[in-house]
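Comments concern the structure below.
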Ligand SMILES: Cc1ncc(C[n+]2csc(CCOP(=O)(O)OP(=O)(O)O)c2C)c(N)n1
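Residue numbers (this note's numbering), protein chains in the order written: chain A, 1 to 321; chain B, 1 to 346.
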């Protein structure tokens, strides 16, 4: 099953068991979703799939109000870049609902955000905005890297009583994989591979780069542990710190630019934990995308995100000195 | 309306007024932290609206929320407690003057982002329509044109309260369009007090009034005298009935005036003393009291008695809250409030 189908299945399964789960967004009905994620869901669940006008702020705020009454809306923001329009309902309202009501209300809304570059859509359709949300208290954020995690994490996000931002990297939609029985809960990172020399922390599409980097390193006799964050907020500090201590070295690989990003937060956790900091044999290696708007031209677009060859070289030179 | 209902309106207005007077006094005495937005002069709008709602009808007020909160039924002691920052407050002291949600009285609380409560109220209407109509017949937006939507009666409505200032927000316009295409049971209630801080609605709003914008969203719109509590009550009742029949949203604009400044630091340089005097003469409580006397419902003496009783009631509530005002959440408790747990359920 593809990543795209896994998301569709998660939506379908949750809508089947809970009539309060509704999918709201632009062209999510007959059109099947801008990235064909929702497909024929409108046929199976005609009353739970709701096409909206182009009113991101309005329908997101509406979904926040409905969630406060106990519905579990899932909204699709056609391109994650349009997050600018939902900042108010999500950051100022959804995220603060439980807190500001003294616990009277919660806001179980899920926001699906197709993100990332590689599609040639230019700088306003290729961003990965998780960094801009991570500092808002009250939100949870998830970014799966494979179909099975996408399936289980989306179901967990819908069931969670807090607002969850669900980042879907557009370049993963065609990725194939089986859905495992074992469900990954929110808040847990995954260890994809164990190695003795370095720990690579990554998430979302960049996990592909991390895996390829590990393969290249093995050719040189360097063995890496790979930690896939899966949940970006709250971070699974325990797993990250433990795996860094196990190898004494860490490289963080992410596609979005590194300024104030998820990688920077991971680095901060590592460096501010005395035991983990003491275990480091070399400085934390931070590898992120370039801090430029994403260019259109195919080759230039590709050059803004890290590639495995460069990652492997940086890691090798750090280890071999 | 029977005598009890008529008296109840006066009681709600007096409670709201005395609450604001007490709040101002506590503020000046330095007992309340932060800021506050008083609604003196707007009591008819607040009492008239709330008295006309049924149990289960939700309100989403504005930052100027005290009167709405009292009139919807909250305990003034819990409201004072909120402003004292105590754990006995409606939001456990985490909200303050602008945030007084009370789920047991169908009050979602206000957004302090002017205009942002409107989509939330629209969301309550979305849920209400979902509840009343059942899944079937609601959201088949994929197929039907909104015009073909079934006119299905709904049990409850929600009220999106917003000011003339907020009426210029995009989220308000988006909400009106959404509510109209899906026939959502929401009352858009524009409390036009003529100013958003210093910005007079004459300078800031393109149309001659806000209600006329209803036409653009294919819903009824009406402008009424917001200082006449009976007019407000009647207009809201009419709107509520229209909405409950399943006709979709309704825009009601009530014209009123805030007699105090915008918040505690306002010198009111943007308006004239003559204008203030004009509106002081149209004080909604005075107008209503005069009418009750003229109609032989209450004597001047009885009114005086009721005023004393309500003032004492508010005084007592403030004192109770003040006595317990040092009971606070601990900083650790505060961190625990950030996320809802799995047991929490709206
Ligand atoms: C989005 C936003 N912009 C500005 C403000 C600052 N502000 C607070 S109240 C207010 C005026 C609002 O006017 P109106 O909606 O008419 O309500 P009123 O204060 O008259 O009751 C402004 C500009 C705010 N809180 N939110």
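Glycine included, each C-beta is placed from N, C-alpha and C at the ideal position.
Over the uninterrupted beta strand (DSSP E) stretch that includes residue 187(A), give me the two end residues. Taking the first residue of the first chain as position 1, residue 187(A) is located at position 187. DSSP places residue 187(A) in no beta strand (DSSP E); its state is neither H nor E.
Verify whether the separation of the beta carbon atoms of residue 25(A) and residue 75(A) is less than 8 angstroms. In the first chain, counting from the first residue as 1, residue 25(A) sits at position 25. In the first chain, counting from the first residue as 1, residue 75(A) sits at position 75. Result yes, Cβ atoms of residue 25(A) and residue 75(A) sit closer than 8 angstroms.
Residue 209(A), enclosing alpha helix (DSSP H) - first and last residue: Counting from one through the first chain, the residue named residue 209(A) turns up at place 209. Segment 206 to 219, the alpha helix (DSSP H) holding residue 209(A).
Buried/exposed call for residue 300(B), threshold 16 Cβ in 10 Å: Taking the first residue of the second chain as 1, we reach residue 300(B) at position 300. Counting Cβ neighbours within 10 Å, residue 300(B) comes out exposed, since fewer than 16 surround it.
Considering just the uninterrupted stretch of the alpha helix (DSSP H) at residue 182(B), what are its terminal residues? What you label residue 182(B) is simply residue 182 of the second chain in a count that begins at 1. From DSSP, residue 182(B) is part of no alpha helix (DSSP H); its letter is neither H nor E.
Is any heavy atom in ligand 1 found nearer than 7 angstroms to the beta carbon of residue 160(B)? Here residue 160(B) is taken as the residue at index 160 of the second chain, counted from 1. Checking every heavy atom of ligand 1 against the Cβ of residue 160(B), none is found closer than 7 angstroms.
Are there 16 or more other CB atoms within 10 angstroms of the CB of residue 96(B), so buried, or fewer, so exposed? By one-based count along the second chain, residue 96(B) stands at place 96. By the neighbour-count rule (16 or more Cβ atoms within 10 Å), residue 96(B) is buried.
Please go through the same chain and pick out, in chain order, the residues whose beta-carbon is closer than 6 angstroms to the beta-carbon of residue 168(B), but skip the five residues on each side of it. Residue 168(B) sits at position 168 when you count from the first residue of the second chain. There are no such residues.
Quick one: which chain A residues come within Cβ less than 7 angstroms of residue 353(B)? In the structure as shown, chain B begins at 1 and stops at 346. Residue 353(B) is therefore absent and cannot be evaluated.
Within the present structure, is the beta-carbon of residue 262(B) separated from the nearest heavy atom of ligand 1 by less than 7 angstroms? Residue mapping note: residue 262(B) aligns to position 262 of the second chain, counting from 1. Set against 7 angstroms, the gap from the CB of residue 262(B) to the closest heavy atom of ligand 1 is smaller.
Could you round the C-beta distance between residue 258(A) and residue 288(A) to whole angstroms and report it? I think they count as a contact, below 8 angstroms. To locate residue 258(A), count along the first chain from 1; it is residue 258. To locate residue 288(A), count along the first chain from 1; it is residue 288. In this structure residue 258(A) touches residue 288(A) by the C-beta definition: roughly 3 angstroms separates them, less than 8 angstroms.
Simplified DSSP assignment, three categories, for residue 130(B): Translated into positions along the second chain, residue 130(B) becomes position 130. Residue state, collapsed to three classes: helix.
Cut-off 7 angstroms between Cβ atoms - residues of its own chain near residue 82(B), not counting five sequence neighbours on either side: Walking along the second chain from the start, residue 82(B) turns up at place 82. Excluding five sequence positions before and after residue 82(B), the CB atoms of its chain that fall closer than 7 angstroms to its own CB belong to 89, 90, 91, 93, 95, 96 and 100, given in chain order.
Contact list for residue 113(B) against chain A, beta-carbon separation under 9 angstroms: Here residue 113(B) refers to the residue found at position 113 when the second chain is read from its first residue. Chain A residues near residue 113(B): 88, 92 and 93.
Which residues of the region 98 to 115 of chain A have a Cβ closer than 9 angstroms to any Cβ of chain B? Give them in chain order. Of all residues in the region 98 to 115 of chain A, 98, 99, 100, 101, 102, 103, 104, 105, 106, 107 and 108 have a Cβ within less than 9 angstroms of some Cβ in chain B.
Determine whether the Cβ of residue 2(A) lies closer than 8 angstroms to any Cβ atom of chain B. Within the first chain, residue 2(A) is the residue found at index 2, counting from 1. Residue 2(A) does not count as touching chain B.
Hey, how far is the Cα of residue 10(A) from the Cα of residue 147(A)? For the purposes of this step, residue 10(A) is taken as residue 10 along the first chain, with counting starting at 1. For the purposes of this step, residue 147(A) is taken as residue 147 along the first chain, with counting starting at 1. Looking at the backbone, the Cα of residue 10(A) and that of residue 147(A) are separated by about 10 angstroms.
Member of 29(A), 290(A) and 149(A) whose CA lies at the smallest distance from the CA of residue 7(A): Position 7 of the first chain, counted from the first residue, corresponds to residue 7(A). The shortest CA-to-CA distance from residue 7(A) to any of 29(A), 290(A) and 149(A) is the one to 149(A).
I want to check one thing, is the minimum distance from the CB of residue 193(B) to the heavy atoms of ligand 1 below 7 angstroms? Within the second chain, the letter at position 193 stands for residue 193(B). Correct: residue 193(B) has its Cβ closer than 7 angstroms to ligand 1.
Counting beta carbon pairs with one atom in the region 134 to 141 of chain A and one in the region 229 to 242 of chain A, are three or more of them shorter than 8 angstroms? Note that the region 229 to 242 of chain A touches the region 134 to 141 of chain A; at least 3 beta-carbon pairs, one per stretch, sit closer than 8 angstroms.
Of all Cβ atoms in chain A, is any one closer than 8 angstroms to the Cβ of residue 337(B)? Position 337 of the second chain, counted from the start, is the residue given in the question as residue 337(B). It does; some Cβ of chain A falls within 8 angstroms.
Only counting the same chain, and skipping five residues up and downstream in sequence, which positions put a Cβ closer than 8 angstroms to that of residue 203(A)? Here residue 203(A) refers to the residue found at position 203 of the first chain. Residues of the same chain with a CB within less than 8 angstroms of the CB of residue 203(A), apart from the 5 flanking positions on each side, are 143, 145, 228, 229, 230, 232, 254 and 262 in chain order.
Does residue 66(A) get closer than 8 angstroms to chain D when you measure Cβ to Cβ? The structure shown contains no chain D; its protein chains are A and B.
Under 8 angstroms between C-beta atoms, does residue 135(A) make it to chain B? Start at 1 with the first residue of the first chain, and residue 135(A) comes out as number 135. For residue 135(A), the answer is no, since every Cβ of chain B falls outside 8 angstroms of its Cβ.
For residue 259(B), verify whether its CB is less than 7 angstroms away from any heavy atom of ligand 1. If you number the second chain from 1, residue 259(B) lands on position 259. Between ligand 1 and the CB of residue 259(B), the shortest heavy atom gap is not smaller than 7 angstroms.
Using only the alpha-carbon positions, how far apart do residue 346(B) and residue 21(A) sit? Within the second chain, the letter at position 346 stands for residue 346(B). Within the first chain, the letter at position 21 stands for residue 21(A). For residue 346(B), the predicted model reports a pLDDT of 43, less than 50, meaning its position is unreliable; a value from the coordinates is still stated below. If I take the Cα positions, the gap works out to 14 angstroms.
Which ranges does the beta strand (DSSP E) cover as unbroken runs of at least 3 residues, wholly within the region 32 to 97 of chain B, from first to last along the chain? The region 32 to 97 of chain B contains, as complete beta strand (DSSP E) runs of 3+ residues, the segments 58 to 60 (chain order).
Check whether the Cβ of residue 214(B) lies closer than 8 angstroms to any Cβ atom in chain A. Mapped onto the second chain, residue 214(B) falls at position 214. Chain A, which has no Cβ nearer than 8 angstroms to the Cβ of residue 214(B), makes this no.
Assign residue 291(A) to one of two classes, buried (16 or more other C-beta atoms within 10 Å of its C-beta) or exposed (fewer than that). Mapped onto the first chain, residue 291(A) falls at position 291. In summary, residue 291(A) is exposed, with fewer than 16 beta-carbon neighbours lying within 10 Å of its beta-carbon over all protein chains present.
Count the other CB atoms within 10 Å of the CB of residue 89(A); is the residue buried (16 or more) or exposed (fewer)? Translated into positions along the first chain, residue 89(A) becomes position 89. It counts as buried.
With residue 143(A) as the anchor, note down where its alpha helix (DSSP H) starts and where it stops. Translated into positions along the first chain, residue 143(A) becomes position 143. Note, residue 143(A): premise wrong, no alpha helix (DSSP H); not H, not E.
Going by alpha carbons, who is nearest to residue 239(A) out of 298(A), 190(A) and 212(A)? As a working mapping, residue 239(A) is identified with position 239 in the first chain. If we check each option's Cα against that of residue 239(A), 190(A) comes out closest.
What separation, rounded to the nearest whole angstrom, lies between the Cα atoms of residue 319(A) and residue 304(A)? Within the first chain, numbered from 1, the residue matching residue 319(A) stands at position 319. Within the first chain, numbered from 1, the residue matching residue 304(A) stands at position 304. Cα-Cα distance, rounded: 25 angstroms.
Is residue 19(B) helix, strand or coil by DSSP? Sequence index remark: in the second chain, residue 19(B) carries index 19 (1-based). Reduced to three states, the DSSP call for residue 19(B) is helix.
Strictly below 9 angstroms CB to CB, what residues from chain B border residue 63(A)? Indexing the first chain from 1 puts residue 63(A) at position 63. Residues of chain B with a Cβ closer than 9 angstroms to the Cβ of residue 63(A) are, in chain order, 119, 123 and 126.
Is the beta carbon of residue 62(B) within less than 7 angstroms of some heavy atom of ligand 1? The sequence position of residue 62(B) within the second chain is 62, counting from 1. Yes, since a heavy atom of ligand 1 falls inside the 7 angstroms radius drawn around the Cβ of residue 62(B).
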